[in-house]
Amino acid sequence: MPLTPIDIQNKQFSRSIRGVSPTEVDEFLNRVAKDYESLIKENIAAKEQIAQLKEKLNHYQKMEQTLHNAIVVAQETAEEVKRNATKEAELIRREAEKDAARILDESRYKASRILSEHEEVYKQAQIYKMRFRSLVEAQLAAIEMEDRLTPEESEEKGA
191 MPLTPIDIQN KQFSRSIRGV SPTEVDEFLN RVAKDYESLI KENIAAKEQI
241 AQLKEKLNHY QKMEQTLHNA IVVAQETAEE VKRNATKEAE LIRREAEKDA
291 ARILDESRYK ASRILSEHEE VYKQAQIYKM RFRSLVEAQL AAIEMEDRLT
341 PEESEEKGA
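Here the sequence shown is numbered in my numbering, starting from 191 and rising by one per residue.
This is the structure in structure tokens:
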């Protein structure tokens, strides 16, 4: 059983002719030294364990800080990605609106051109019909004139 501070304080040495018994003092000192050495070793081991635990604690605190920073960076990156996606979506929407407006303008132009061409073709068809009608009417008039002529007059005209 190790010595306690009370044991050391209350230790009584028997008296001998020369004072206290050197053997008892030596035994007691050996016992105190042994217990003291044991305490020193325990103290060193405890300090080493404390140092290791402090080192682990520092490591975990650094990891915690690193994770915290990583989370903050991830949140900032996510926000940046979100902002960029919103900007890109807005640009795409604007481009689509421009393309749609351009396509509408082109379609209107083509429709107008086709309508103009249709009107021109219609006018040409009307002109052709009038000319053809005039030709047919002229031919009919000639045939009717020929029918009115006598056979002798027709021979004179044909020869």
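Beta carbons: idealized from backbone N, C-alpha and C, even for Gly.
Out of curiosity, what's the CA-to-CA distance linking residue i and residue j?
i    : j    : result
E217 : E232 : 22 angstroms
N220 : T213 : 10 angstroms
I333 : H308 : 36 angstroms
E227 : I234 : 10 angstroms
S206 : N200 : 18 angstroms
E246 : H258 : Correcting the residue type first, residue 246 is Lys in the shown sequence and not Glu. Whole-angstrom Cα-Cα distance: 18 angstroms.
T267 : A275 : 12 angstroms
I'd like to know whether the C-beta atoms of residue i and residue j end up nearer to each other than 8 angstroms.
i    : j    : result
V222 : I198 : yes
Going by DSSP, what residues sit across from residue i in a beta bridge?
i    : result
R205 : V210
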